[in-house]
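Protein chains in written order, with this note's numbering: chain C, 1 to 213; chain D, 1 to 589.
Don't be surprised by glycine CBs; every beta carbon is placed ideally from N, CA and C.
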């Protein structure tokens with residue numbers, strides 16, 4: 001059980017329900033049950049670090065929203081995309097940035113991929129940019145994943161975890177998948193650890209987009 | 001360490017009986033601890049507030065609760081609970097170590113799993129009730145040790161007690177007449193004792209001397225170090241973490257949660273607390289014994305790595321070997337295992353490359369490092385592909401069975417079983433990357449011929465091709481960070497040192513009284529005692545002192561001092577030849 005006492009954060013219980021779809025994600029359900037049992041399901045964000053015998057850390061589950069005054073600055077992200085082109089994202093470009101850390105081998109990433117793909121299409125041309133960061137993957141598998149889920153936005157290949165490392169000291173991805181919503185001034189407004197839902201992420205993006213830059 | 005403290009009144013204490021007979025000086029000299037001992041059960045403790053009724057008040061109840069908590073009985077119960085509480089942790093799958101099994105448990109026993117999960121039994125070591133047990137135990141320990149420590153400080157600073165009235169009642173006693181005047185006799189005796197670095201106290205007609213305060217110092221050291229040990233273990237539990245990472249030759253990773261295979265954080269460790277180092281594996285080499293009875297046993301492992309302590313640091317080279325960890329930014333990186341990762345290139349039915357990389361296989365046998373693993377290609381088209389198989393570093397056909405005769409890669413081959421269908425990775429519980437869930441798959445009719453490097457399997461029905469392109473070695477690394485480790489080590493050493501000191505040093509007292517009897521001659525009484533059961537050596541020391549002092553007094557005494565002979569004369573139960581065990585002693589507890 002892992003808590004992050006350093007952040008002024010709150011869980012957005014209503015806006016972003018934790019993934020509890022009936023049969024789906026028994027592990028997530030387990031973590032939610034455990035989280036509720038251990039921490040009393042209070043008004044603070046509860047993250048459940050799950051070390052994982054299956055050879056990757058599936059993450060701490062939950063959404064953390066940072067109030068405008070308490071948002072950590074996001075680092076500038078640069079790297080090479082899966083298709084081999086150089087990519088640089090200055091996070092204070094005036095756009096809202098949705099950054100998704102994923103891997104083609106990770107079940108919750110595959111489960112959330114359709115939602116992310118359609119949200120990217122939904123917000124296309126409205127000043128919201130999506131960027132993926134592919135973790136512990138081989139590029140061929142990653143490209144196949146992108147074809148399967150018709151992901152339209154670029155993904156950076158991060159074989160050495162350097163992008164994840166750039167976020168250490170701010171709001172590091174606490175598991176795979178992790179989705180960050182970065183506001184127009186380049187500050188991290190929200191983090192979803194674990195599978196993001198279409199409605200929950202959409203509401204978060206809308207809120208941040210509606211803010212005055 | 002005795003946490004069960006009996007009050008002096010209730011203790012069947014030979015000394016207590018003696019003290020009642022002795023004058024106040026003797027009681028002062030050998031009395032039990034000033035505060036007395038506390039019992040777990042207040043009902044048996046006169047003078048302790050009884051928990052009956054509401055008359056206790058809030059403070060009374062708090063005091064009662066504190067006494068209960070810091071009693072040995074409670075500590076033992078907590079210790080037992082701690083042990084009993086960890087049992088479900090080994091019987092049931094745990095989220096921390098095996099989340100896949102936990103989710104399987106939830107699928108197979110939904111109702112039971114919900115109840116067990118609600119009780120925290122799938123995450124015992126993170127459960128609040130488990131935390132309650134060890135926090136109470138910790139409090140109990142500290143609450144016991146701290147007041148004892150304070151009392152010990154007082155005890156170590158105590159001057160010797162006044163001399164008892166009747167020295168002949170002491171375990172070691174001599175009496176003789178001297179031509180010297182009483183004051184002169186006392187003065188010379190004091191000189192002798194003082195020269196032997198006894199702590200001195202004088203009064204009218206007596207000299208009291210005590211030695212062996214180092215015992216109290218040792219005792220004090222023991223208690224303080226014990227507190228230090230508890231605190232450092234606590235620190236490690238709160239701020240430390242442990243993680244594992246498998247790293248394939250030629251790749252690198254950063255110490256972030258997403259890059260770790262397993263992560264067991266302390267209670268106050270978050271993903272932002274990890275030391276931001278990077279480790280790249282350049283070359284791993286293992287050598288094995290090539291002859292004799294130890295054939296195939298590992299002889300040496302060496303992982304040539306480069307690391308940087310932070311994103312702004314340059315890369316440093318390091319040779320990582322077994323038991324020779326890399327220490328970076330306080331974290332230790334250990335080399336704990338190794339294996340092979342065969343490399344595959346897989347094209348699907350559309351002709352696209354859908355997989356190209358190394359797949360770590362897990363050794364299932366040590367003499368030949370036969371390893372098992374799975375390759376998953378969920379995004380192959382038209383159907384997902386999956387393979388399970390074995391890697392044989394030195395493959396040999398033994399009567400139609402494939403075996404590996406040596407752990408080194410002399411003849412690296414793989415043997416695979418091919419599947420197609422739904423790998424079940426788009427929903428549901430997370431899977432292990434080392435095994436394939438074949439529920440939604442069907443096996444493909446492929447000849448089970450093992451592959452050598454460069455050979456391919458052509459899948460039937462135009463589903464694609466798999467090529468075994470080579471292999472890499474991998475190492476498994478364990479990252480541990482325990483901020484309390486050094487402190488715990490030194491505390492442990494200090495605990496032992498203190499214990500030894502308090503074992504080996506005896507606190508001993510020598511009293512001298514000089515008086516004039518009816519006949520006008522000076523009678524000198526010498527008495528001695530030790531504060532511990534083990535008087536070994538004091539008999540000789542006392543005899544030596546008595547000889548030296550009486551020599552100065554121009555008197556001659558029998559070399560062997562009398563021990564407790566006065567019992568018959570007085571007709572009362574005299575003192576035991578030893579004093580009751582020292583309640584401050586950290587021994588025998």
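query: The alpha helix (DSSP H) with residue 481/D in it runs from where to where?; result: Counting along the chain, residue 481/D falls outside any alpha helix (DSSP H), though it belongs to the beta strand (DSSP E) covering 464 to 481.
query: Tell me whether residue 106/D sits in a helix, a strand or coil according to DSSP, three-state version.; result: helix
query: Just to make sure I have the definition right: I need the residues of chain C whose C-beta is within less than 7 Å of the C-beta of residue 111/D. Which are they?; result: Under the 7 Å cutoff, chain C gives no residues; its nearest Cβ is about 12 Å from residue 111/D.
query: If you measure from the beta carbon of residue 483/D to each beta carbon in chain C, is any gap under 7 Å?; result: no
query: Based on Cα-Cα distance, which residue from 82/D, 418/D, 361/D and 443/D lies nearest to residue 137/D?; result: 82/D
query: Do three or more CB pairs link the region 451 to 470 of chain D to the region 412 to 426 of chain D at distances below 8 Å?; result: yes
query: For the region 365 to 379 of chain D against the region 423 to 438 of chain D, are there 3 or more C-beta pairs whose distance is under 8 Å?; result: yes
query: Are any of the Cβ atoms in chain C nearer than 7 Å to that of residue 425/D?; result: yes
query: Give me the chain C residues within the contact set of residue 253/D, using Cβ-Cβ distance strictly less than 8 Å, ordered along the chain.; result: 160 and 161
query: Mind checking residue 112/D: buried by the 16 CB within 10 Å criterion, or exposed?; result: exposed
query: Would you grab the beta carbon distance between residue 355/D and residue 344/D for me? Rounded to a whole angstrom, and I think it's under 8 Å.; result: 6 Å
query: Between residue 189/C and chain D, is any beta-carbon pair separated by less than 7 Å?; result: no
query: Taking CB distances under 7 Å as the criterion, tell me whether residue 138/C reaches chain D.; result: yes
query: Look at the alpha carbon of residue 62/D and the alpha carbon of residue 69/D, and state the distance between them as a whole number of angstroms.; result: 10 Å
query: Measure the alpha-carbon distance for residue 264/D versus residue 400/D and round it to whole angstroms.; result: 44 Å
query: By how many angstroms is the C-alpha of residue 275/D removed from the C-alpha of residue 309/D?; result: 8 Å
query: Once DSSP output is grouped into helix, strand and coil, what is the label at residue 614/D?; result: No information on residue 614/D is available, as it lies outside the stretch 1 to 589 that chain D covers here.
query: Residue 218/D: buried (16+ other C-beta within 10 angstroms of its C-beta) or exposed?; result: buried
query: Within the 7 Å Cβ cut-off, does residue 237/D reach chain C?; result: no
query: Going along chain D, which residues have a C-beta under 7 Å from residue 175/C?; result: 257 and 258
query: Note down the Cα distance separating residue 49/C from residue 101/D, rounded to an integer number of angstroms.; result: Legend: pLDDT at residue 49/C = 33, less than 50; position of this residue unreliable, value from coordinates given subsequently. So the two alpha carbons sit approximately 16 Å from each other.
query: Under 6 Å Cβ to Cβ from residue 527/D, same chain only, skipping five residues before and after it: list those, please.; result: 167, 170, 173 and 511
query: Look up residue 97/C in the DSSP assignment and give the residues it is bridged to.; result: 129/C and 182/C
query: Rounded to a whole number of angstroms, what is the C-alpha to C-alpha distance between residue 184/C and residue 389/D?; result: 50 Å
query: If you count every other CB in all the chains shown that lies within 10 Å of the CB of residue 364/D, and 16 or more means buried, which is it?; result: exposed
query: When DSSP builds the beta bridges, which residues end up paired with residue 79/C?; result: 87/C
query: What is the DSSP secondary structure of residue 127/D, reduced to helix, strand or coil?; result: coil
query: Hey, how far is the Cα of residue 247/D from the Cα of residue 258/D?; result: 14 Å
query: Output yes or no for whether 7 Å exceeds the beta carbon distance between residue 134/C and residue 144/C.; result: no
query: Got a sec: is the Cβ-Cβ distance from residue 379/D to anything in chain B below 7 Å?; result: Among the protein chains of the structure shown, namely C and D, there is no chain B.
query: At a CB-CB cut-off below 8 Å, which residues of chain C make contact with residue 276/D?; result: 165, 168 and 169
query: Per DSSP, residue 284/D is paired with what?; result: 303/D
query: Under the DSSP definition of a beta bridge, which residues are partnered with residue 327/D?; result: 332/D
query: For residue 411/D, name the three-state secondary structure that DSSP assigns.; result: strand
query: Starting from the beta carbon of residue 154/C, find every residue of chain D whose beta carbon is closer than 8 Å, and list them in chain order.; result: Result: empty, since nearest Cβ-Cβ is about 18 Å, beyond 8 Å.
query: Does the region 149 to 169 of chain C come close enough to the region 103 to 122 of chain C that 3 or more CB-CB pairs lie under 8 Å?; result: yes
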